[in-house]
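Chemist:
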Amino acid sequence: MTGIRLTAPAPGWAIDADVVVVGSGVAGLTAALRCAAAGLDTVVVTKARLDDGSTRWAQGGIAAALGEGDTPEQHLDDTLVAGAGLCDEEAVRTLVTEGPDAVRRLIDTGAHFDTTDGGDIALTREGGHHRRRIAHAGGDATGAEISRALVAAVREAALHTIENALVLDLLTDAEGRTAGVSLHVMGEGQHDGVGAVRAPSVVLATGGMGQIFSATTNPSVSTGDGVALALRAGAEVSDLEFVQFHPTVLFLGADSEGQQPLVSEAVRGEGAHLVDADGVRFMTGQHELAELAPRDIVAKGITRRMHEKGAEHMYLDARHFGAAMWEQRFPTILAACRSHGIDPVTEPVPVAPAAHYASGGVRTDLRGRTTVPGLYACGEVACTGVHGANRLASNSLLEGLVFAERIAADIAETRPPRTEPAAGADAGEPVALPAPEARTAIQRAMTRGAGVLRSADSLAAAAAELEALHREAAADAEEAGGSGGSGAKAVVPGVDAWEVANLLLVSRVLVAAARDREETRGCHWREDRPDRDDVHGRRHLVVRIAPDRTPVVHRTETAAFPPVRPSD
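The numbering used here puts the last residue of the sequence shown at 1335; the count rises by one with no breaks.
1. Would DSSP call Thr-1325 helix, strand or coil?
2. Among the residues of its own chain, which have a CB less than 6 Å from the CB of Gly-1036, if the five just before and after it don't count?
3. Suppose the cutoff is 7 Å on Cβ atoms and the five residues either side in sequence are ignored; what does the same chain contact list for Gly-975 look like?
4. Ala-995 and Gly-910: beta carbons closer than 7 Å?
5. In terms of residues, what are the limits of the beta strand (DSSP E) holding Ala-775?
6. Whether or not the segment 864 to 882 and the segment 1319 to 1333 are in contact is what I'm after, with contact meaning three or more pairs of Cβ atoms, one per stretch, closer than 8 Å; do they touch?
7. Less than 7 Å separating the beta-carbons of Gly-1135 and Cys-1150?
8. Quick one: complete alpha helix (DSSP H) runs, 4+ long, within the segment 907 to 995?
9. Mind reading off the beta-carbon distance from Ser-968 to Asp-785? Whole number of angstroms is fine, and I expect it under 8 Å.
10. Beta-carbon within less than 7 Å of Val-1320's beta-carbon, same chain only, minus the 5 sequence neighbours each way: which residues are those?
11. Starting from the Cα of Leu-1165, find the closest Cα among Leu-843, Val-1273 and Ala-1021 and give me that residue.
12. Can you tell me where the beta strand (DSSP E) with Ala-1121 in it begins and where it stops?
13. Within 10 Å of its beta-carbon, does Val-1259 have 16 or more other beta-carbons around it, so buried, or fewer, so exposed?
14. Quick check on Gly-1036: does DSSP put it in helix, strand or coil?
15. Where in the segment 1188 to 1228 do unbroken runs of the alpha helix (DSSP H), each at least 4 residues long, occur, reported from the N-terminal end onward?
16. Could you tell me the alpha carbon to alpha carbon distance between Gly-895 and Ala-1039, rounded to whole angstroms?
17. Under the DSSP definition of a beta bridge, which residues are partnered with Gln-1095?
18. Tell whether a beta-carbon distance below 7 Å holds between Ile-929 and Val-793.
19. Taking 7 Å as the threshold (C-beta atoms), are Val-1276 and Thr-973 in contact?
20. For Val-810, which three-state DSSP category applies?
21. Among residues of its own chain, excluding the 5 on either side of Pro-1183, which ones have a beta-carbon nearer than 7 Å to its beta-carbon?
22. At what residues does the beta strand (DSSP E) containing Leu-1017 begin and finish?
23. Alpha carbon to alpha carbon, how far is Arg-1071 from Pro-1203?
24. When DSSP labels each residue in this structure, what does Thr-891 get in the three-state scheme?
25. Since Pro-1201 and Ala-1257 are thought to touch, with beta carbons under 8 Å apart, how far apart are those beta carbons, to the nearest angstrom?
26. Going by alpha carbons, who is nearest to Ala-830 out of Arg-823, Val-863, Asp-819 and Leu-807?
27. Under DSSP, the alpha helix (DSSP H) around Ile-874 begins and ends at which residues?
28. Look up Ser-1250 in the DSSP assignment and say whether it is helix, strand or coil.
29. Taking just the CA atoms, how far does Ala-1229 sit from Ala-1208?
30. Taking the CB atoms as reference points, tell me whether Met-1081 and Asp-1043 lie closer together than 7 Å.
31. Looking at the structure shown, is Ala-1149 part of a helix, part of a strand, or coil, going by DSSP?
32. Buried or exposed: Pro-1028, going by 16 or more other Cβ atoms within 10 Å of its Cβ?
33. Could you please give me the residues that DSSP links to Pro-1318 through a beta bridge?
34. In chain order, what residues of the same chain have a beta carbon less than 7 Å from the beta carbon of Ile-1178, not counting five sequence neighbours either side?
35. Nearest-angstrom Cα distance between Ala-1351 and Ala-815?
36. When we look at the beta-carbon of Ala-1235 and count the other beta-carbons within 10 Å, is it buried (16 or more) or exposed?
As structure tokens, this is what we get:
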């Protein structure tokens, strides 16, 4: 354990359970439903409402070998190619072989996917896939349908849920094993303020960290809370440098910040073309799959063309679809474009890359176990080894589904006993909270220095800016403490400050890893190191936080992950 925790009041209330699941996307709710079905007293904690996470925003679909002629082996091959030499093959094999049945169980739970006239699941293609294997719902509203079905199942099962709650830190017992979480509930309800859910098994399913960048497809709740909690608890994270920038995000202006509308890869899967202002297709000849190349290649292709043309964006041309296809297949995207004054039926759509998905996260094994006993992780917050250096399109929902089921099976099998959090479990040196207004400074530093294009100089600049913010927060806290807590610069603990503390910690760790990876691989693109180095680079970067708050980066000896437990 690091002895590091957020500055927060002591819990004023507590409830007991066998399992607490933090997050309410496909991973979190699947884990919770399976745990509850196994007879485990399960509590779901979520930062906003049950359906407010990233899953709801997923447009394209969920990948699985469900079509005639397709096989898990072919799905595995495509995943390994996209992962650029860093996928854990055993993890990928687990994903693709267990995936089809996991999707069928999701359907049994109540999710309705689009079907063909013959009643089969309708399948489309996306980047990096050599076959049509993407199941979708509502045309381009797959995540919304999956979220609807799982939320309905959770409510029908009468699971104990705590909404509008920001998880703070992990609680541990005298042996250093997980004993629950502390959390802050916002607003009125059954619980309010800082409290605790005491449980011997904690499942992190908190989603992504896209809000560390100025422009992202992620919702506002995606502030890296799960990764930050795990780091403070002493867990290892891996592959955090591999942030996937979605190639086609609706361009709303160079100064636009926050969540941006996504234009799903499925639009290209159905035949849309990427063109420049002159109408010239520029992905043909760059890759055998052209616009359907893996996302890192398409994002780089767009960025290169933007630089060549001195342009702020490129265009996605799907005028040849016609109004009927836009309305039936992509109603969500059509509505989003029109709400911003763009009609894809009659004009090309301006697009540019934006931060989308974290391929790395809290390091786990094939049962979702982290390096902290009793702490599990699944979904985007986790690093299972499935995605390697670049996630294959639509593998994310499937990963959340498959590994959530595996976590529930492990907890149901082991059924660890409940223990009391150690006396003074909330002791230790609290993190000096940055001022809430530091959020914008963090996002701009990360966008400038650790965005699509990176270099030693840009990353050094980002590291210096982040370190200055870290030192400033510590100095302000010391000054406030030295004046009896009455200093003008004292930051009041609260959701805004806690989120910024999480953003700052995750950003510092990501930049430390990105500086260490002196090559271009997958979605980590170093301008100053444009080549892939398989001799030295086909390794994972595992990071922990030292008690003095500095990120400690360790390079694995091979492309395989070390065990999460010394005895494994």
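Glycine included, each C-beta is placed from N, C-alpha and C at the ideal position.
Modeler: A quick look at the data gives this:
1. Coil, per DSSP.
2. Within the same chain, and ignoring the five residues on either side of Gly-1036 in sequence, the residues whose Cβ sits closer than 6 Å to its Cβ are Thr-891, Arg-892 and Glu-893.
3. Ser-821, Asn-985, Ser-989, Tyr-1124, Ala-1125 and Glu-1147
4. no
5. Looking at the DSSP string, Ala-775 is not in any beta strand (DSSP E), and its letter there is neither H nor E.
6. no
7. no
8. 909 to 923
9. 7 Å
10. Taken in chain order, the residues that qualify are Ala-1279, Ala-1280, Asp-1283, Leu-1308 and Val-1310.
11. Leu-1165 has its Cα closest to that of Leu-843, out of Leu-843, Val-1273 and Ala-1021.
12. 1116 to 1125
13. exposed
14. helix
15. Within the segment 1188 to 1228, the complete alpha helix (DSSP H) runs of at least 4 residues are 1205 to 1217.
16. Distance between the alpha carbons of Gly-895 and Ala-1039 is about 15 Å.
17. In DSSP, Gln-1095 forms no bridge with anything.
18. no
19. no
20. In the three-state scheme derived from DSSP, where H, G and I count as helix and E and B as strand, Val-810 is classed as strand.
21. Pro-967, Ser-968 and Gly-1141
22. Counted as a single uninterrupted DSSP element, the beta strand (DSSP E) harbouring Leu-1017 occupies residues 1010 to 1017.
23. 35 Å
24. strand
25. About 12 Å; that fails the 8 Å criterion.
26. Val-863
27. 856 to 876
28. In this prediction, Ser-1250 scores a pLDDT of 45, lower than 50, which makes its location untrustworthy; no coordinate-derived value is stated.
29. 10 Å
30. It is a contact, given that the beta carbons lie within the stated cut-off.
31. strand
32. buried
33. According to DSSP, Pro-1318 bridges with Ile-1312.
34. Val-786, Cys-802, Leu-807 and Ser-968
35. Lying outside 768 to 1335, the shown extent of the chain, residue 1351 is not represented and no answer is given.
36. Exposed: under 16 other Cβ atoms inside 10 Å.
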